[in-house]
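Here is the structure we will look at.
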Amino acid sequence: MNTYLATIAASLAVSLCSLSSAFALWLPAASLKRIVPFLVALAVGVLLGDAFIHLIPDAVARQGSVSTVCMTALIGVFGFFVLEKLVRWRHDHNVDTRPAGSEILPLAKMNLIGDAIHNFVDGILIAGSFLADPALGLTTTLAIVAHEVPQELGDVGALLRGGYAPRQAVLYNFYCSLSVVPGALFTLLLSQVAASSLVVLLPIAAGGFIYIAASDLIPVLHERSTLRHLGGQSASFALGIALMQGIVVFEQSLLAH
Numbered sequence: 164m165n166t167y168l169a170t171i172a173a174s175l176a177v178s179l180c181s182l183s184s185a186f187a188l189w190l191p192a193a194s195l196k197r198i199v200p201f202l203v204a205l206a207v208g209v210l211l212g213d214a215f216i217h218l219i220p221d222a223v224a225r226q227g228s229v230s231t232v233c234m235t236a237l238i239g240v241f242g243f244f245v246l247e248k249l250v251r252w253r254h255d256h257n258v259d260t261r262p263a264g265s266e267i268l269p270l271a272k273m274n275l276i277g278d279a280i281h282n283f284v285d286g287i288l289i290a291g292s293f294l295a296d297p298a299l300g301l302t303t304t305l306a307i308v309a310h311e312v313p314q315e316l317g318d319v320g321a322l323l324r325g326g327y328a329p330r331q332a333v334l335y336n337f338y339c340s341l342s343v344v345p346g347a348l349f350t351l352l353l354s355q356v357a358a359s360s361l362v363v364l365l366p367i368a369a370g371g372f373i374y375i376a377a378s379d380l381i382p383v384l385h386e387r388s389t390l391r392h393l394g395g396q397s398a399s400f401a402l403g404i405a406l407m408q409g410i411v412v413f414e415q416s417l418l419a420h
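Quick note on my numbering: the sequence shown kicks off at 164 and runs consecutively.
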């Protein structure tokens, strides 16, 4: 029972990391508008870094077949392409019934879906680690917390760019982060099924992140081409990748002990 309580507590702690993005609620609208392009660039770096440095290598380590993992990731890309088509179709059919100024771009909804899948996977990892060893569960939770904070900042930047108000962006991002808990419960109840599902869920989440970054967010970065935006967005992009690389090294050092 203690293992179960510790797992749920750790999952809730990871969910609360999403509130690190609440700074957006206190920034003046003009300041927030200026930094959103750089948060979007950070989101691109974080999403691509997470996919290529964290999720895909983890899936390969579990699956053992690079080609199978890459094919599953491509299925994830294709699935998110179809999903965005459906979201856009619904968006286009409902646009006349929406009040002026309330348009939410499909990229924001896609980001929420991808983030929910990723957090569900985190819940599986947390619960699986606690079932194996409470000490391993704690280090896994710390590693995921370190990983989540920069990602949540990037996610909120993507949601703001997608049309959500700051309060909505923070709130919906928090709702998505709560999918850590169902992932943990799924593992506690069906540990064997959950463990085997990771080899599919990890590359699918990676494919979703690659699609969102490449299809929806990178084109946004090309909307303005001043030297200021080139330098700032390039630095934010690189920072996102560097953060993911640093966090992977940190995770490995934690789990090695």
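Ideal Cβ placement from N, Cα and C applies to all residues, glycine included.
Being a predicted model, the structure only gives us computed values, none of them experimental.
In this structure, DSSP gives histidine 217 a helical state, which the three-state scheme calls helix. Taking C-alpha positions only, alanine 295 is separated from valine 203 by approximately 38 Å.
For tyrosine 374, same chain residues with a beta-carbon under 6 Å away, outside a window of 5 residues either side, are Val240, Phe243 in chain order.
Restricting attention to Leu323, Ser181, Val232, Ala187, the CA atom closest to the CA of proline 269 is found in Leu323. Contact annotation, glycine 208 with glycine 409: C-beta distance approximately 12 Å; criterion of less than 8 Å not satisfied. DSSP, read as helix, strand or coil, puts serine 174 in helix. C-alpha of tyrosine 338 to C-alpha of serine 228: approximately 34 Å in a straight line.
Going by beta carbons, leucine 341 and serine 178 fall inside the 8 Å limit. Secondary structure of serine 354 (DSSP, three-state): helix. Threonine 170 sits away from leucine 365, with the two beta carbons spaced by 8 Å or more.
Excluding residues up to 5 positions away in sequence, Ser342, Gly346 lie with their Cβ nearer than 6 Å to the Cβ of phenylalanine 283 in the same chain. If you draw a 10 Å sphere on the C-beta of leucine 393, you find fewer than 16 other C-beta atoms in it, and that means exposed. Apart from the 5 residues on each side of it in sequence, serine 354 sits with its Cβ closer than 8 Å to the Cβ of Ala290, Gly291, Leu294 in its chain, given in chain order. Secondary structure of aspartate 379 (DSSP, three-state): helix.
For isoleucine 216, the closest alpha carbon among the candidates Ser359, Ala368, Arg391 is that of Ala368. Counting the other CB atoms within 10 Å of its CB gives alanine 192 a total below 16, which places it among the exposed residues. Out of Phe400, Met407, Ser416, Ser230, the CA that lies nearest to the CA of phenylalanine 201 is found in Phe400. For the pair glutamine 396 and glutamate 247, the Cα-to-Cα distance works out to about 25 Å.
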